[in-house]
Amino acid sequence: MHTYQKLLLTNKAWAAQKLRVDPNYFNELSKDQTPDYLWIGCSDSRVPADQVTGTQPGEIFVHRNVANLVLHTDMNLLSVLQYAVEVLKVKHILVVGHYNCGGVKAAMSNEDFGLINKWLRNIKDIYEKHEDELNGISDETLRFNRLVELNVIEQVKNLAKTTIVQKAWANGEYPYLHGWVFDLHTGLINQIIEVESGDLNTINPIHRFNIPDKKTADLENLMKD
Ligand code: CO
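Numbering that gives the first Met the number 0 numbers the first residue of the sequence shown as 0 and each following residue consecutively.
As structure tokens, this is what we get:
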């Protein structure tokens, strides 16, 4: 038997188990999704969003890439973000890094990894931005851990820099933004940063867009008529 066949067998057993507990499970599941959370995590196989948070199908909308980056040129990430915020109206966006992240480690080295250099370049830029703090940490593991945390903080800030998030903030109470780091040694998540809805102080003023809230915009349109 090929190893992948085990996955299909396990899937059959899983579906049967769900039906045993609740014969209506898949009827309900197939109706729609109303997740409260968007998870932006690393592709690393050791950090599965649902298992480490004990959430069920339908509870977390997930995007994963190498080193959990939020890049303003990444159509994939932006499409996920727009759908999650504007259509699903998620309440919390979780950027979840993890210590021992291979992507962050690769970015810390001077090795040429080919195409992925261009992706990792974004982490090198974060290193450069926080060079004084990072170079002040002599222990290499602690410096590596800190870059993982700084990376998560910068990605949370990148979320706040998007018009998608700023428009949602102008018109409602959500989403809150969270930066978390998962520790593979303990299985626990460290909360690194939390940004409440509307808190533009997180980002430099140059990144704040003039977005009228819906009430003001409606009023302005009325006055034009
Ligand atoms: Co990783």
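Where a beta carbon is used, it is the ideal one built from N, C-alpha and C, also for glycine.
In this text, all values refer to a predicted model and were calculated from it rather than measured experimentally.
When the options are compared against residue i, the one with the closest alpha-carbon
{"i": "serine 78", "options": "Asp111, Ile39 and Val147", "result": "Ile39"}
{"i": "glycine 197", "options": "Thr161, Ile191 and Leu218", "result": "Thr161"}
{"i": "lysine 230", "options": "Ala83, His129 and Ala66", "result": "The first residue shown for the chain is 0 and the last is 224, placing residue 230 beyond what the model contains."}
{"i": "isoleucine 192", "options": "Asp49, Gln50, Asn109 and Val94", "result": "Val94"}
{"i": "aspartate 257", "options": "Ser42, Val61, Asp43 and Cys41", "result": "Only positions 0 to 224 of the chain appear in this structure, which leaves residue 257 out of reach."}
{"i": "valine 86", "options": "Tyr173, Val151 and Asn189", "result": "Tyr173"}
{"i": "valine 151", "options": "Trp179, Gly135, Lys30 and Val89", "result": "Trp179"}
{"i": "serine 44", "options": "Cys100, Leu218, Arg120 and Gln190", "result": "Cys100"}
{"i": "alanine 167", "options": "Leu141, Lys213, Val69 and Asp217", "result": "Lys213"}
{"i": "arginine 145", "options": "Asp182, Asn109, Thr54 and Arg120", "result": "Asp182"}
{"i": "threonine 201", "options": "Val51, Lys123, Asn64 and Ala159", "result": "Ala159"}
{"i": "glutamate 139", "options": "Val51, Ser108 and Asn26", "result": "Ser108"}
{"i": "glycine 102", "options": "Ala15, Leu76, Asn75 and Arg63", "result": "Arg63"}
{"i": "isoleucine 188", "options": "His1, Phe25 and Thr52", "result": "Thr52"}
{"i": "histidine 71", "options": "Tyr126, Asn121 and Lys223", "result": "Asn121"}
CB of residue i within 8 Å of CB of residue j, strictly
{"i": "leucine 28", "j": "proline 47", "result": "no"}
{"i": "proline 204", "j": "alanine 169", "result": "no"}
{"i": "isoleucine 163", "j": "glutamine 81", "result": "yes"}
{"i": "cysteine 41", "j": "histidine 97", "result": "yes"}
{"i": "alanine 83", "j": "leucine 37", "result": "yes"}
{"i": "valine 194", "j": "tyrosine 175", "result": "yes"}
{"i": "valine 69", "j": "proline 34", "result": "no"}
{"i": "leucine 149", "j": "histidine 177", "result": "no"}
{"i": "arginine 207", "j": "leucine 218", "result": "no"}
Residue i CB to nearest heavy atom of ligand 1 below 7 Å
{"i": "histidine 97", "result": "yes"}
{"i": "glycine 113", "result": "no"}
{"i": "glycine 102", "result": "yes"}
{"i": "aspartate 43", "result": "yes"}
{"i": "alanine 66", "result": "yes"}
Extent of the continuous alpha helix (DSSP H) run through residue i
{"i": "glutamine 190", "result": "It is not in any alpha helix (DSSP H) - glutamine 190 instead sits in the beta strand (DSSP E) that spans 188-194."}
{"i": "phenylalanine 143", "result": "139-159"}
{"i": "tyrosine 82", "result": "Careful: tyrosine 82 lies outside any alpha helix (DSSP H) and carries neither H nor E."}
{"i": "isoleucine 122", "result": "116-128"}
{"i": "tyrosine 24", "result": "24-28"}
Where the beta strand (DSSP E) containing residue i begins and where it ends
{"i": "leucine 93", "result": "91-97"}
Using a Cβ distance threshold of 8 Å, determine whether the stretch 2-21 contacts the stretch 149-156, with at least three qualifying pairs required. no
Inter-stretch contact (C-beta, 8 Å, three-pair minimum) for the stretch 110-123 and the stretch 132-140: no
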